[in-house]
Amino acid sequence: MGVIDFIFPKKCLECGKEGKYICEDCIMKVGPGGPNSIWRYQGVVRKAIIALKYKFATEIADELVSYINLPPSHNCLVPIPSHWYRQNIRGFNQAELLGEKLAVKMGWKFLPNLLVKTHPTPPQVGLKGTPRRQNLRGVFAVSPNILVSQYPSIILFDDVLTTGSTLKEASKVLKEAGVKKLWCLTIAR
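The sequence shown begins at 1 in the UniProt record's numbering and counts up by one.
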């Protein structure tokens with residue numbers, strides 16, 4: 001335990017128990033998120049993602065990923081990119097941060113530069129269905145420096161699945177570029 005942890009001990013974001021931001025009791029209360037998501041966007045998972053994205057608590061990513069167990073495979077993980085402007089303001093891309101930690105844990109190849117966001121978009125928060133889709137139309141592109149065909153199996157990764165618009169638009173671009181096997185995965189839904 002470091003000096004900072006001694007003076008300001010970590011507490012579970014949900015129940016307040018000291019030791020970690022995400023305690024085992026609280027993570028076990030969060031239900032599964034369905035076929036493409038690890039958890040439901042509720043309880044300690046929701047609070048952890050909000051703290052990660054908006055309070056810049058990047059060490060929470062380690063704790064979230066520590067609770068994930070997926071079968072090993074020969075997949076490559078591609079995070080949903082942020083536009084460079086938004087990433088510079090926040091200081092990081094949460095999908096890239098979580099995705100890299102997950103890829104390392106699972107032994108997957110990590111490809112953060114395969115997909116790029118070509119121009120900034122207004123935040124998706126608060127938008128529903130059609131406005132979300134319109135907001136993202138034509139915003140993703142495959143990096144011209146990477147040959148997609150050398151990666152036969154790709155997991156497209158994001159932090160939260162709401163309407164699926166982001167993953168759908170990014171998937172379309174990857175398939176048009178020649179990706180044969182593509183799965184989508186999110187932390188929460």
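Ideal Cβ placement from N, Cα and C applies to all residues, glycine included.
- Take the alpha-carbon of Ile60 and the one of Ile49: they are about 8 Å apart.
- The beta carbons of Leu174 and Leu115 sit about 7 Å from each other, so the pair counts as a contact at 8 Å.
- Leaving aside the five residues that flank Lys53 on each side, the residues in its chain whose CB is nearer than 8 Å to its CB run, in chain order, Arg90, Gln94, Asp159.
- Taking C-beta atoms under 8 Å as the contact rule, Cys184 and Ser165 fail to qualify, at a distance of about 12 Å.
- Following the DSSP letters along the chain, one finds Cys76 inside the beta strand (DSSP E) bounded by residues 76–79.
- Going by beta carbons, Ile68 and Val44 fall outside the 8 Å limit.
- DSSP places Cys26 inside the alpha helix (DSSP H), whose first and last residues are 24–29.
- For Val104, the uninterrupted alpha helix (DSSP H) run begins and ends at 94–106, by DSSP.
- Distance between Ala103 and Ser149, taken at the CA atoms: about 20 Å.
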